[in-house]
Each structure stands twice: as structure tokens, then as C-alpha cells.
Ligand SMILES: Cc1cc2nc3c(=O)[nH]c(=O)nc-3n(C[C@H](O)[C@H](O)[C@H](O)COP(=O)(O)OP(=O)(O)OC[C@H]3O[C@@H](n4cnc5c(N)ncnc54)[C@H](O)[C@@H]3O)c2cc1C
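Residue numbers (the numbering used here), protein chains in the order written: chain A, 1 to 517; chain B, 518 to 710.
So, in C-alpha cells, the structure goes:
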């Protein structure tokens with residue numbers, strides 16, 4: 001065991017910050033550690049598992065690839081935050097390059113940079129899980145205690161009137177005019193300060209991310225956390241997990257040390273892109289590992305209004321339209337979301353040269369809607385020998401609901417009084433009146449680099465189910481084919497959720513942790 | 518106009534997979550620190566950048582002029598006041614070697630791509646109107662062209678508007694927590710059960 005391997009036993013929880021072993025703390029070239037449980041990743045799944053297991057008295061070690069950035073160091077500059085807090089500096093994309101797959105890469109994972117929206121798993125999704133994957137133990141009733149626990153722990157509550165920013169008020173009015181059901185979001189936030197910089201991390205610890213909740217709680221129960229530590233492989237002997245190995249790499253990319261951990265239990269919580277990659281590199285699991293990837297491909301549909309909106313002011317996410325949520329009614333959700341200047345540059349193509357400058361000058365008059373669809377699990381994550389590949393193309397099956405969500409977003413903008421709605425495509429297309437919606441949107445075709453899509457919700461690449469031929473994990477989160485390896489992150493979801501997944505991931509991680517023996 | 522039928526001269530070195538990885542440039546485009554306009558200049562007044570070749574800097578400067586004619590709108594100049602190209606230079610300095618190579622290839626192709634349909638001229642030698650037409654043709658062109666153009670467009674625009682000197686023109690407030698003096702809450706209390 002090396003110089004830094006001493007256990008950090010915090011008897012009391014610090015009022016702020018977190019005890020983390022970072023690359024800068026390591027002075028030897030090789031670290032040899034041991035634990036009862038090693039957890040790969042410190043995001044939604046990893047942090048909840050760490051706390052639940054540490055509080056049971058297990059010796060827990062969390063290994064996180066990203067850096068430890070304390071809240072006070074967040075800059076509220078999205079361009080800088082992409083560099084420090086996001087996977088691949090915010091440039092993680094599918095192989096076609098037309099779908100940006102955003103994921104946090106820091107202590108606390110995506111929960112540090114997410115928008116705080118908190119939904120329980122919809123009932124009809126549980127029904128789908130029963131029907132298609134044999135997951136009869138998962139019902140709204142059986143999962144209710146898990147949801148309640150998470151909601152209480154993370155101060156999840158419905159937005160109050162002052163948390164409905166101007167963009168959300170204007171668009172709520174549009175939805176009401178159309179007779180559509182529109183509701184305030186629930187969010188995991190305490191005393192929101194309305195700064196509007198959620199995606200750059202919350203500087204004052206109001207967002208109840210893993211960084212300020214489950215991770216400090218786990219540490220208080222003795223869990224050790226190492227940042228800058230990327231796990232490459234899970235080690236096994238005679239069909240049983242015996243630990244992991246990886247590298248400590250500092251923020252400049254310098255390889256500081258190799259690390260090897262001996263542990264009889266390994267919990268995979270590196271997120272739906274990295275968890276299957278690590279398993280493939282380790283040669284573990286069946287041929288379902290990496291398959292069935294879904295991601296809620298989203299559009300950000302921006303529009304210009306006659307009156308100033310200032311989309312960066314106030315709580316970032318205020319209301320959503322659930323009118324079309326059920327697959328029988330369209331299978332999509334519309335969420336009203338604020339945004340900053342960098343995002344405005346990226347989402348639309350209003351025309352080149354003068355039209356673009358004019359569009360940007362109108363930034364204070366812009367508002368936007370994020371569309372989420374219940375996509376089929378058509379993607380695949382693959383380790384290609386020297387890099388990961390996200391194979392995901394919008395399927396022809398999902399294209400109609402993508403277009404239906406877009407048309408509904410345009411309609412809602414126009415009903416709310418927008419002057420021009422920009423279509424999220426690589427060419428300059430926009431709509432100014434209701435009668436033109438179909439004609440303009442129908443110009444969009446499902447071909448690479450035509451649509452501008454973003455995913456905030458990678459899921460499903462190691463899905464659970466009862467049939468080994470169609471699932472990578474069993475209904476308790478155990479990886480098939482090897483003892484002692486559990487999956488406790490968004491990879492586990494058997495089908496895409498349609499709603500924002502963090503609460504489902506927290507609840508499932510708690511469920512899996514309760515079953516770790 | 519649509520140049521879908523342009524010959525693919527100049528695209529040969531670009532394998533599909535290699536090009537697709539250029540998608541990472543879009544992300545990289547967002548991550549440069551803000552630079553200043555200072556720096557060395559050649560005798561004919563061209564700026565010299567540490568991480569961009571002379572040709573790359575010329576292509577990016579010309580592209581910035583074409584994409585962002587900001588002065589006409591009373592905004593800080595995209596090539597004079599705001600160091601858009603210097604910001605891209607900083608970005609290039611931080612890139613992983615593989616991504617940097619891709620950026621070089623993208624710029625090389627972009628400079629030479631107009632040769633077939635624009636009187637065999639390079640991009641930097643086209644007049645304003647032709648240059649704009651070329652960019653638009655790329656935006657509605659083939660899969661490769663659309664991707665390449667989206668990447669460059671995003672890189673230029675983000676590296677202009679990320680600079681706080683452009684914010685007053687948009688009534689954008691930037692970071693606020695410090696200005697507002699928002700109190701920190703620290704870690705959440707441990708749950709009781
Ligand atoms: C910008 C953004 C906004 C979002 N907004 C919302 C929202 O409003 N509401 C909502 O419900 N959801 C939202 N989400 C999604 C939500 O945060 C995720 O669904 C959830 O965090 C997934 O949990 P996870 O444990 O699977 O992965 P993550 O939380 O992403 O954690 C995975 C962690 O593993 C680490 N890791 C990866 N590879 C390795 C390795 N090899 N070794 C060690 N560590 C590794 C990563 O660095 C990361 O920290 C958002 C996500 C993003 C990116």
C-alpha cells in the first residue's frame with residue numbers, strides 16, 4: 001500500500017467540501033488498495049451505492065475518472081465548465097457527429113451539471129418493463145419507498161411561483177391557449193438563487209447534487225473517494241470479481257500512477273457509455289453488454305419573441321408539457337429551458353453572416369423548448385481497441401415522434417406569441433406562422449448531419465431483465481456470467497424513460513445496493 | 518445553390534471515421550480561454566499565432582470576417598476588438614494531438630474545397646459575396662460538407678461570443694453569484710435514517 005492509501009475516516013461530516021484523494025496527492029508510481037466494495041464512478045448511481053453500502057458498515061472505495069472540483073471553484077461560464085466538468089470536454093458525440101452526448105466527468109458525475117429536473121419513473125414505463133423484460137418486482141408501489149427516500153434526501157419539491165422564470169411563464173401561456181396540460185417541474189434544489197447557471201455546476205450548493213449530498217454522507221461513514229482515477233478493467237478469477245485496475249491521470253493528462261484495487265465486489269457506475277466499455281475491455285458479460293443504448297435524442301427549439309425574455313435569467317427549468325407523454329399520445333415531453341450565449345451559438349442555424357449576427361443580437365428575445373422522446377434502444381456502445389464509439393442514429397421508427405415533438409414545440413411557441421421559430425437543422429429553416437409548420441418541418445429528413453440533436457440522458461447499455469438472451473444484468477443488477485459484479489447506473493434501464501432519469505437512477509442504485517451481498 | 522454534385526477533390530484523406538471524429542472539434546470549440554489581441558505580427562501586418570500555421574490563421578480570419586460582420590451592427594469587431602482567432606489559437610493549443618490533426622485537415626480542405634466550382638480559387642481569395650455563397654453551399658451540401666461547416670461555424674461563433682466584451686451588446690449578465698453575493702449553503706445535512 002502506498003503513501004496515500006491511508007483510510008480517510010471522517011467521523012464528522014465537513015460543513016463544506018469533501019475529502020478526496022487527487023492525483024496531486026499521489027507520489028508513488030503504483031497504488032495497491034483494497035476494499036470490501038469498489039465503486040467505479042461517483043455520479044448518480046455511484047454516490048447512492050457508496051452511501052447505502054458504507055452506512056451498512058462496508059469498507060467502500062469510490063474511483064472517479066474526473067477531477068474533484070469544489071463548488072466554490074465553479075465559474076458560471078459554460079464554455080469553461082465544458083472543459084473542466086464534462087466528458088470529452090463537452091465534445092462526446094455519436095460516430096456520425098450529429099448527436100452530442102453530454103455527460104458529467106467530475107466528482108459527482110452528471111448530477112453536478114444537470115438541470116435538477118426530478119421525475120419518478122412513469123407508471124407506463126414500469127408496465128413496459130413487466131411486459132417486455134419480465135421485471136415484475138418493479139411497480140410504482142414497490143419502488144415508492146425508494147422514490148420517497150431519495151426525494152426526501154435531495155429536497156425534491158415542486159417549483160414555487162418565483163421559480164417560474166419569464167420563459168416558462170410565456171410558454172405556459174402558449175400551452176394553455178392550446179388546451180395542453182402544463183405543469184411546474186419538481187427539482188432537487190434548496191432555496192434556488194435563480195442564477196440560471198445550473199449546467200456549469202451550482203456555486204452555492206443549492207443544487208442537491210451528489211457532490212454535496214450522498215458523497216459527503218458516504219465519506220462520513222468511512223467511504224474513501226479517489227478522483228483523477230480512470231478504471232480500465234475489472235479483474236476476475238474463477239468467474240468471480242477480485243478487483244479493478246486503472247490509471248491515475250492528472251488534469252494535464254499526465255499519467256501519474258497505476259492503480260490496482262483488490263475487492264470481492266465491484267459496482268459499475270461509470271454511466272451508460274463508460275460502464276459497457278469497461279466491461280468489454282475486461283471481456284466480461286454476455287453479448288448484450290453495450291447494446292440497447294438509448295439516449296432521449298433532444299432538440300432545443302428556440303424562438304424569437306417581440307418582448308424581451310432574457311432566457312438566462314431565473315431558474316433554468318420551470319415547466320413542462322405532459323400532454324403527449326404516453327406513447328399512445330405521441331411519446332414525447334416538452335420542457336421549457338433557459339440557456340446562455342454559448343448554447344445559442346450552437347443550437348440553431350438561422351443563416352450565415354448578417355442573419356446570424358442579427359439572430360444573436362436578438363438573444364434577449366429568445367426562449368426555448370427542449371423535446372424529449374421515448375426512443376427505442378437502437379444504439380450500441382463499442383470499445384474499438386483504442387477508443388470508444390457511440391453508434392447511434394435516429395431510427396426511422398423514432399423519426400416520426402421526433403418530428404411530432406418538433407411540430408408541437410413550434411406550435412406552442414407560436415401560440416405563446418413567438419415571431420419566428422428556428423428549426424434545429426444544419427440549414428437555415430424557420431417558421432413564422434401556424435399554416436407553415438407542416439410544410440417547413442416536413443423538409444427535414446432523417447439523414448446524418450441534418451438535424452442538430454443533443455442527448456443529456458444516455459441509458460440502457462447493460463439493461464436488466466429476466467431473459468439472459470436479451471439482457472446484460474439480472475433483475476437485481478448482477479452482471480450475467482460473473483459473480484460479484486453489479487451495475488448500478490443508467491446502463492441498467494431496460495427501456496428509455498421518456499422523462500429525465502436521475503431520480504430513477506438514484507432509486508435503482510439504492511435498490512441494487514440493498515441487494516449487494 | 519447546392520453543390521451536392523461537386524467532385525470530392527480534396528476529400529480523399531478524410532476517411533469517414535476520421536472525419537466523424539472531427540465532431541469532437543465542436544466540443545473543443547467551446548473550451549478556449551479568452552485571449553487578447555496582442556501578439557507578434559508579420560511585416561505585412563498579419564498576426565502570428567503559436568498554435569496555428571500562417572495558412573490556418575488566414576483561413577480562420579477570413580472565415581470570421583465572412584461569418585461575423587459584427588461592426589455593421591455596432592458590435593465589437595470580430596477581428597479587431599474581440600480576438601476570435603486568438604481564442605481559437607488557444608483552443609488549438611489545448612487540443613489532444615489527434616483532434617489537432619483533424620482540425621488541420623478540416624481547415625486544409627475548407628481552404629481548397631472551392632476550387633472546383635469557384636474558378637479554382639481558394640477560399641481566402643474569394644470576394645465577400647463568393648465566400649458567403651461558398652459557405653452556404655457547404656451548409657446545404659453533402660454529409661461531409663455539412664459536418665465540416667457546422668464545426669467551423671460553431672468554433673468561430675462561440676469563440677467570439679464567449680468573450681465578455683460581446684455581452685453588453687446582448688444584455689447578457691454572465692456570472693452572477695459573486696455580484697449578487699449569494700450565500701453558500703455547504704453540504705446538505707446527513708439524513709437521519
Ligand atoms: C447537462 C445535463 C443535464 C441533465 N439534466 C437532468 C435533469 O434535469 N434531470 C435529470 O433527471 N437528469 C438530468 N441529466 C441526466 C442525469 O444527470 C443522469 O441521468 C444521471 O446522472 C446518470 O447517472 P449515472 O450514475 O449513470 O452516470 P453519471 O452521473 O454520469 O456518473 C458517471 C461517473 O462515472 C465516471 N466515470 C466514467 N468512466 C469512468 C472510469 N473508467 N473510471 C472511473 N470513473 C468513470 C464519470 O466521470 C462520471 O462522474 C442531465 C445530464 C446532463 C449531462
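Every residue, glycine too, gets a C-beta built ideally from N, C-alpha and C.
{"Item": "Proximity test, Cβ basis, 7 Å: residue 153 of chain A and chain B", "Value": "yes"}
{"Item": "Interface flag, residue 705 of chain B vs chain A, CB-CB below 7 Å", "Value": "yes"}
{"Item": "Closer than 7 Å to chain A by CB, residue 692 of chain B", "Value": "yes"}
{"Item": "Rounded C-alpha distance that separates residue 306 of chain A from residue 362 of chain A", "Value": "10 Å"}
{"Item": "Residues near residue 383 of chain A in its chain [Cβ-Cβ closer than 6 Å; skip 5 each side]", "Value": "277, 280 and 281"}
{"Item": "Alpha-carbon spacing of residue 321 of chain A relative to residue 441 of chain A, whole angstroms", "Value": "20 Å"}
{"Item": "Own chain partners of residue 298 of chain A with C-beta closer than 7 Å, once the 5 adjacent residues on each side are dropped", "Value": "370, 371, 372, 453, 454, 455 and 456"}
{"Item": "Residues from the region 649-666 of chain B in contact with chain A, defined by Cβ distance under 7 Å", "Value": "649, 652, 653, 656, 657, 660, 663 and 664"}
{"Item": "Chain A residues whose Cβ lies nearer than 8 Å to that of residue 627 of chain B", "Value": "Per Cβ cutoff of 8 Å: no residues; residue 627 of chain B is ~14 Å from chain A at best."}
{"Item": "Where residue 675 of chain B meets chain A, residues with beta-carbon distance less than 8 Å", "Value": "79, 342, 345 and 346"}
{"Item": "Every unbroken beta strand (DSSP E) inside the region 330-374 of chain A [3 residues or more]", "Value": "332-337 and 366-373"}
{"Item": "Three-way DSSP call (helix, strand, coil) for residue 74 of chain A in this model", "Value": "coil"}
{"Item": "Assigned exposure category for residue 590 of chain B - 16 Cβ within 10 Å defines buried", "Value": "exposed"}
{"Item": "Residues of the region 453-464 of chain A whose Cβ lies closer than 7 Å to any Cβ of chain B, in chain order", "Value": "none"}
{"Item": "Option in A:70, A:273, A:257 and A:241 with minimal Cα separation from residue 703 of chain B", "Value": "A:70"}
{"Item": "Cα-Cα separation, residue 242 of chain A to residue 37 of chain A", "Value": "10 Å"}
{"Item": "Contact check, residue 667 of chain B vs residue 430 of chain A, beta carbons under 7 Å", "Value": "no"}
{"Item": "Burial state of residue 615 of chain B (16 or more Cβ within 10 Å)", "Value": "exposed"}
{"Item": "Proximity test, Cβ basis, 7 Å: residue 688 of chain B and chain A", "Value": "yes"}
{"Item": "Spatial neighbours of residue 496 of chain A in its chain, beta-carbon cut-off 7 Å, leaving aside the 5 residues before and after", "Value": "294, 296, 374, 375, 377, 459 and 460"}
{"Item": "Residues near residue 421 of chain A by beta carbon distance below 7 Å, same chain, minus five either side", "Value": "301, 303, 410, 413, 414, 430 and 431"}
{"Item": "Residue-level contact to chain B via CB, residue 218 of chain A, 7 Å cutoff", "Value": "no"}
{"Item": "Short CB-CB distance (under 7 Å) between residue 212 of chain A and chain B", "Value": "yes"}
{"Item": "beta-carbon residue 98 of chain A near ligand 1 non-hydrogen atom, thresh 6 Å", "Value": "no"}
{"Item": "Segment limits, beta strand (DSSP E) that includes residue 229 of chain A", "Value": "229-237"}
{"Item": "Nearest-angstrom beta carbon gap, residue 236 of chain A and residue 482 of chain A [assumed within contact, 8 Å]", "Value": "6 Å"}
{"Item": "Proximity test, Cβ basis, 7 Å: residue 111 of chain A and chain B", "Value": "no"}
{"Item": "Near ligand 1: residue 116 of chain A beta-carbon under 6 Å from a heavy atom", "Value": "yes"}
{"Item": "Three-state class that DSSP yields for residue 437 of chain A in the structure shown", "Value": "helix"}
{"Item": "Residue range of the alpha helix (DSSP H) that includes residue 571 of chain B", "Value": "571-584"}
{"Item": "Residue 575 of chain B: contacting residues in chain A (beta-carbon distance under 9 Å)", "Value": "By Cβ distance, chain A contributes nothing, its closest Cβ being about 19 Å from residue 575 of chain B, past 9 Å."}
{"Item": "C-beta neighbour in chain A for residue 709 of chain B, strict 7 Å", "Value": "no"}
{"Item": "Pairwise C-alpha distance: residue 258 of chain A and residue 6 of chain A", "Value": "Bear in mind that the predicted position of residue 6 of chain A carries a pLDDT of just 40, short of 50, making it unreliable; the figure below should be weighed with that in mind. Straight-line Cα distance between these residues: approximately 17 Å."}
{"Item": "Contact set between residue 524 of chain A and chain B, taken where Cβ atoms lie within less than 8 Å", "Value": "The displayed coordinates of chain A run from 1 to 517. Any statement about residue 524 of chain A would go beyond what the structure contains."}
{"Item": "Beta-carbon contacts of residue 184 of chain A that lie in its chain and below 7 Å, excluding the five residues immediately before and after", "Value": "158, 159, 164, 318 and 319"}
{"Item": "Residues near residue 229 of chain A by beta carbon distance below 7 Å, same chain, minus five either side", "Value": "63, 64, 65, 246, 248 and 259"}
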